[in-house]
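Just so we're aligned, residue -19 is where the sequence shown starts under my numbering, counting upward by one.
Report on one structure; see the data block that follows.
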Amino acid sequence: MQISVFDLIIPTEDNGYCVFDPMLEEDKNVFFHMTAASNKESIISHGFKSAKELSTGILESVSYAQRSSSCFANLGHGFESERVIFAVRFQPEALKEVVVNGLDIHVYKQHIQPEILGVVHLPKGFKLSWI
């Protein structure tokens, strides 16, 4: 499966520190998921999986941010390897089966997989200007 690679929009205060086009950022069915770039091909081929399903942790859900800027919440002072942020679209009926929080959603059911719209690549050492 081929997916779009979107150009990185430099996050600034003016764009709410978002890295995707405003049309995607403002779509109520589009969400964002950041991960190590090394996970990209596996996600494209096999879908999103929880840390528990991957045997890498105890979290039973996959989280998706309502805005790409929320993906940076736990960033700290940059990252040591390349990252990607996926832009994904959920069907409205699928959103009835997820847990909605203030800034994100959590998907506990593996059969609920979004359509992958594309990714933005973030280089190693990427930092937001306000961090």
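Just so you know, even glycine gets a beta-carbon here, dropped at the ideal spot from N, CA and C.
Residue burial is scored here from C-beta neighbours: Asp84 has at least 16 other C-beta atoms within 10 angstroms and is therefore classed as buried.
The alpha-carbon of Gln93 is positioned some 11 Å away from that of Glu77. By the Cβ-count criterion, Glu5 is buried, with 16 or more other Cβ atoms from all chains shown falling within 10 Å of its own Cβ. A Cβ-Cβ contact shorter than 8 Å links His13 with Val68. The Cβ neighbour count for Ser50, taken over all protein chains shown within 10 Å, is at least 16; the residue is labelled buried. The DSSP-derived three-state label of Ile65 is strand.
Here Phe12 carries a strand assignment [DSSP, helix/strand/coil]. Under the three-state reduction of DSSP output, Ser(-16) falls in the strand class.
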